[in-house]
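Engineer: Take the sequence shown: its letter number 28 is residue 438 in UniProt numbering, and every next letter is one higher. Just so you know, even glycine gets a beta-carbon here, dropped at the ideal spot from N, CA and C. Just so we're clear, the structure is a prediction, and the values are computed from it rather than from any experiment.
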Amino acid sequence: HAKGAGKNGYSFFEQSMNTNARNHLQLLHDLRQAVDGRELLLHFQPKFAAGNGRRVIGAEALLRWQHPRRGLLMPDQFIELAEKTGLIIPIGNWVLNEACRQMSLWYAEGHRDWRVAVNLSAVQFCHAGLIGNVRAALDRHHLPANCLTLEITETTAMRDADASLAILGQLSDMGVDLSIDDFGTGYSSLLYLKRLPANELKIDRGFVRDLERDSDDAAIISAIVALGQALDLRIVAEGVETESQQAFLTGLGCDSLQGFLLGKPVPAEQFNAGVKALA
Ligand code: C2E
Ligand code: MG
Ligand code: MG
Ligand code: MG
411 HAKGAGKNGY
421 SFFEQSMNTN
431 ARNHLQLLHD
441 LRQAVDGREL
451 LLHFQPKFAA
461 GNGRRVIGAE
471 ALLRWQHPRR
481 GLLMPDQFIE
491 LAEKTGLIIP
501 IGNWVLNEAC
511 RQMSLWYAEG
521 HRDWRVAVNL
531 SAVQFCHAGL
541 IGNVRAALDR
551 HHLPANCLTL
561 EITETTAMRD
571 ADASLAILGQ
581 LSDMGVDLSI
591 DDFGTGYSSL
601 LYLKRLPANE
611 LKIDRGFVRD
621 LERDSDDAAI
631 ISAIVALGQA
641 LDLRIVAEGV
651 ETESQQAFLT
661 GLGCDSLQGF
671 LLGKPVPAEQ
681 FNAGVKALA
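1) Quick check on DSSP: helix, strand or coil for G669?
2) Should R623 and G649 be called a contact, given that it needs their Cβ atoms to be closer than 8 angstroms?
3) Less than 8 angstroms between C-beta atoms, sequence neighbours within five positions excluded: which residues of the same chain meet that for A657?
4) Does any heavy atom of ligand 1 sit closer than 7 angstroms to the C-beta of E471?
5) Which residues share a DSSP beta bridge with E610?
6) On the premise that L473 lies in contact with L450, defined as a C-beta separation below 8 angstroms, what is that separation, rounded to the nearest angstrom?
7) What is the residue span of the beta strand (DSSP E) that W475 lies within?
8) Does DSSP classify G481 as helix, strand or coil?
9) Helix, strand or coil, according to DSSP, for N682 in the structure here?
10) Given a cut-off of 8 angstroms on the beta-carbon distance, is the pair E493 and S531 in contact?
11) May I ask you to check if the CB of residue 392 is nearer than 7 angstroms to at least one heavy atom of ligand 3?
12) Taking K612 as the reference, which of L560, G481 and D583 has the closest Cα?
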């Protein structure tokens, strides 16, 4: 049905639009299969106590998709699609269960003070089944609620403050640990933050990146640490890539650190080998 435009840009554009739409549909089809099949996996990135030591305090579970043709896909390549189609609910449940399963193994090995952190998407956070799903995952793996951290972004937490407060309140009553991810990128109301039953603020990687060059970033991090201390919240810095960032963040008073310098996200076996090597 090519128009008179012939081989010029118009028909090329139309063609590439079709290709994109087709790719999109293909990916959606594949994602449906991935949920049922065994193509989803978790990588675990260690969280460390601040300082120059190497004391592991837990891990963040990060989702990966081993696609049969496209290779290993990262969350930004499919999470949005999963959210738009509702597939994030079964996928998020799988993540929750798999992370709790792994944490229960660590717990049985004696790492009872570790926590595993799971990222919740905004869609999952607002889904009515969330509380029941969290409860079920903990029960299935006989895991104390305190061993699970749920990370929600500042933007998600602030979108509908009253609704978030109610959901976080229920999770907190259950004993689950709560972290506000990518902190500093949203628009927190301090009044609201004060009422939020969170346990941890996670400073966005953007502030850590230029820490050594940009004195504003150091000032912002200091301010977040002070805010966290005033509200009795732990402060985690993510995206630590250099030793000088590590020293700086420790000096500024962060409680824990996460980043490629200290440990990249890896499959559980590799994570365990890394922990053994540190001990
Ligand atoms: P996030 O929760 O803020 O996770 C941190 C991201 O930064 C991860 O990317 C991690 O690999 C990366 N990172 C960690 N340390 C460093 C570092 O030192 N330097 C740099 N450049 N990057 C670092 P990843 O795994 O690609 O995840 C991206 C985002 O996707 C996550 O951001 C999270 O919002 C989302 N995500 C990951 N897993 C899940 C999941 O199971 N469910 C949902 N809903 N979202 C997930
Ligand atoms: Mg996170
Ligand atoms: Mg983050
Ligand atoms: Mg992020």
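Structural biologist: The structure says:
1) Here residue 669 refers to the residue found at position 259 of the sequence shown. In this structure, G669 counts as coil in the three-state DSSP scheme.
2) Numbered from 1 along the sequence shown, position 213 holds the residue referred to as residue 623. Numbered from 1 along the sequence shown, position 239 holds the residue referred to as residue 649. The Cβ atoms of R623 and G649 lie no closer than 8 angstroms to each other.
3) The residue given as residue 657 occupies position 247 in the sequence shown. N462, listed in sequence order.
4) One-based indexing of the sequence shown puts residue 471 at position 61. Contrary to the premise, residue 471 reads as Ala rather than Glu in this sequence. True, at least one ligand heavy atom lies under 7 angstroms from that Cβ.
5) To locate residue 610, count along the sequence shown from 1; it is residue 200. Beta-bridge pairing links E610 to S589 and R644.
6) Taking the first residue of the sequence shown as position 1, residue 450 is located at position 40. Taking the first residue of the sequence shown as position 1, residue 473 is located at position 63. Yes, they are in contact, since the Cβ atoms of L450 and L473 sit about 7 angstroms apart, within 8 angstroms.
7) Working through the sequence shown from its first residue, we reach residue 475 at position 65. That run of the beta strand (DSSP E) goes V466 to H477.
8) Sequence index remark: in the sequence shown, residue 481 carries index 71 (1-based). Three-state DSSP puts G481 in a strand.
9) One-based indexing of the sequence shown puts residue 682 at position 272. N682 falls in the helix class under three-state DSSP.
10) Here residue 493 corresponds to residue number 83 of the sequence shown, with the count starting at 1. Here residue 531 corresponds to residue number 121 of the sequence shown, with the count starting at 1. Contact: yes.
11) Past the edges of the chain, shown from 411 to 689, lies residue 392, and the structure says nothing about it.
12) Along the sequence shown, one-based indexing puts residue 612 at 202. For the residues L560, G481 and D583, the minimum Cα distance to K612 belongs to L560.
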